[in-house]
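Sequential numbering of the sequence shown, starting at 14, is according to the numbering used here. Glycine included, every Cβ here is placed at the ideal spot set by N, Cα and C.
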Amino acid sequence: MGAVSKPLTRVADHKADLAGLVGLTPVVDLPLADCTGLVLARDLVAPIALPPFDNSAMDGYAVRAADVAVTPVVLPVAEDVPAGRGDLVPLVPGTAHRIMTGAPVPPGADAVVQVEWTDGGTATVRIDRSVVAGANVRSAGDDVAPGTTVLTAGTVLTAPRLGLAAALGSATLPVRRPARVLVLSTGSELVEPGRELTPGTIYESNGVMLAAAVREAGAHAELLRFVPDDADAFHAAIADRLGSVDLLLTSGGVSAGAYEVVKDAFTGRGVEFRRVAMQPGGPQGIGRYQGVPVAALPGNPVSAHVSFEVFVRPALRAAMGFADVERPTTTAALSAALTSPEGRTQFRRGAYEPESGRVVTPVGGPGSHLLSALAISDCLIEIPADVTELPAGAEVVLRFL
14 MGAVSKPLTR
24 VADHKADLAG
34 LVGLTPVVDL
44 PLADCTGLVL
54 ARDLVAPIAL
64 PPFDNSAMDG
74 YAVRAADVAV
84 TPVVLPVAED
94 VPAGRGDLVP
104 LVPGTAHRIM
114 TGAPVPPGAD
124 AVVQVEWTDG
134 GTATVRIDRS
144 VVAGANVRSA
154 GDDVAPGTTV
164 LTAGTVLTAP
174 RLGLAAALGS
184 ATLPVRRPAR
194 VLVLSTGSEL
204 VEPGRELTPG
214 TIYESNGVML
224 AAAVREAGAH
234 AELLRFVPDD
244 ADAFHAAIAD
254 RLGSVDLLLT
264 SGGVSAGAYE
274 VVKDAFTGRG
284 VEFRRVAMQP
294 GGPQGIGRYQ
304 GVPVAALPGN
314 PVSAHVSFEV
324 FVRPALRAAM
334 GFADVERPTT
344 TAALSAALTS
354 PEGRTQFRRG
364 AYEPESGRVV
374 TPVGGPGSHL
384 LSALAISDCL
394 IEIPADVTEL
404 PAGAEVVLRF
414 L
């Protein structure tokens, strides 16, 4: 009797298994310049007010509003107040202090007359227009009051948010550390781009592609290329690198044939190999090796990239604390009919055309080797496992790339 084949694993089940395998990355304090795009791990509470003191919103003259109620009026200029001055002299009634934008408003002043409404004098100043109390004065705490939670845990740190943290005096922030991924490309047939091909060899592309995908997801990637189809060489290549990574990501060597080095190296060592009910990307490996999570992807380039998008990217994003781990999706109408294998979720490459009435055009065929079609696509067309035929005009779900 032949061997009984295992049932196919559902896409959702394999996705959940991988998400559960890759745990949260640790919280680390990083300088603000290194926090761009990372996730804040703890609430940021304002230790000071913003602004921290009453300051001028204009270049002009600090005055009492009552002294300029009737204009034009000429006042003696008693002091200059540049930005950063701390030894403030109180304003004497009937005088003005020349003041710069951002400078502290001196005690006794309740308004600033902008320089354009004056003659710009330095010893005396003629003021041609009156102002009300509070004019052109930024009050202390007008933006942020002390003790206010300004950024909550889980916030993605964008440029304005980092600017706010800096304005509040934060030199570092607690963030989820970017995940560290070792990307391993296997195959004795692989040649480094730039070198000459010999009979039976091809240029290595998966490693570059997957390392770039890891970085686009916000994680760090270390690329280890050209591991030959030999289990001992495979183990030797990764032995001294596993201690510093959060995920080992391989491509190739997971199918049922001979010379499947990843399968040979990991079978019986904590990694399970299964077939997932999807096209492309059926053969997958998942588990732990020496305590390190392993995601073993198929070797055909489209299969590898689709597998990364569906399974690995969401797991990495979740591990780094992102709330939104999935790519944006939408629905669109097919521009042409498609067929799909029964019992398998199919991911076809597509070009979204919103200007044509939310239409998606399939790009290339279903083949897992059609890398050029993937390169010019901007989305994946997801066809459910229970659907085998879709006519032109049928509504489908798109996953943007």
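Limits of the alpha helix (DSSP H) - the one that residue i falls within
i      : result
Pro65  : Premise fails: Pro65 is in no alpha helix (DSSP H) and is neither H nor E.
Asp243 : Unbroken run through Asp243: none, as it is neither H nor E.
Gly182 : Neither: Gly182 is in no alpha helix (DSSP H) and is coded neither H nor E.
His431 : Look at the range of the chain in this structure, 14 to 414, and you will see that residue 431 is not part of it.
Beta carbon of residue i nearer than 8 Å to that of residue j
i      : j      : result
Thr88  : Val138 : As written in the sequence, residue 88 is Leu, which differs from the Thr given in the question. Result yes, Cβ atoms of Leu88 and Val138 sit closer than 8 Å.
Val315 : Ser257 : no
Val188 : Leu53  : yes
Leu186 : Cys48  : yes
Val105 : Ser69  : no
Arg111 : Val90  : yes
Val94  : Ala116 : yes
Phe286 : Val307 : no
Leu383 : Leu347 : no
Phe335 : Ala226 : no
Leu411 : Gly377 : no
Leu414 : Arg326 : no
Asp253 : Val194 : no
Member of the options whose CA lies at the smallest distance from the CA of residue i
i      : options                           : result
Leu34  : Gly370, Leu261 and Thr352         : Leu261
Leu310 : Val169, Ala364, Thr263 and Pro64  : Thr263
Ala180 : Leu57, Met333 and Arg111          : Leu57
Leu43  : Ala25, Phe335, Leu175 and Leu37   : Leu175
Ala158 : Glu366, Gly167 and Pro60          : Pro60
Val4   : Leu197, Leu37, Val323 and Leu203  : Since the displayed the chain opens at 14 and closes at 414, residue 4 lies outside it and no answer follows.
Lys28  : Leu101, Val319 and Glu129         : Val319
Gly154 : Val24, Leu45 and Leu63            : Leu63
Ala230 : Pro191, Pro120, Ala398 and Ala317 : Pro191
Gly356 : Arg326, Met333, Gly200 and Ile396 : Ile396
Asn219 : Leu210, Thr374, Leu203 and Ser268 : Leu203
Pro379 : Asp337, Gly295 and Ala332         : Gly295
Buried versus exposed call for residue i [16 or more other C-beta atoms within 10 Å across all chains shown]
i      : result
Ala328 : buried
Leu31  : buried
Ser385 : exposed
Gln303 : exposed
Arg55  : exposed
Ala16  : The predicted model places Ala16 with a pLDDT of 49, which falls under 50 and marks its position as unreliable; any figure quoted below should be read in that light. Flag for Ala16 reads exposed.
Val240 : buried
Gly99  : exposed
Glu408 : exposed
Tyr216 : exposed
Arg97  : According to the sequence as given, residue 97 is Gly; it is not Arg. Label assigned to Gly97: exposed.
Lys276 : buried
Met14  : Residue placement at Met14 is poorly supported in this model, since its pLDDT is 44, which falls under 50; the coordinates are not used for a value here.
Residue i in three-state terms, based on DSSP
i      : result
Ile215 : strand
Val300 : It is worth fixing the name first, because residue 300 is Gly in this sequence and not Val. Three-state result, Gly300: strand.
Thr161 : coil
Glu408 : strand
Met14  : In this prediction, Met14 has a pLDDT of 44, which is less than 50 and means its spatial position is unreliable; what the coordinates show is noted afterwards. Three-state result, Met14: coil.
Met222 : helix
Asp337 : coil
Ser198 : strand
Arg362 : strand
Leu260 : strand
Thr22  : strand
Leu210 : coil
Leu351 : strand
Arg151 : strand
Arg228 : helix
Residue i: CB within 7 Å of a non-hydrogen atom of the ligand MN
i      : result
Pro173 : Because no ligand of any kind appears in the structure shown, any question about the ligand MN cannot be addressed here.
Extent of the continuous beta strand (DSSP E) to which residue i belongs
i      : result
Leu310 : Val305 to Leu310
Arg287 : Val284 to Arg288
Min CB distance residue i to chain D below 8 Å
i      : result
Leu384 : This model lacks chain D altogether; it includes just one protein chain.
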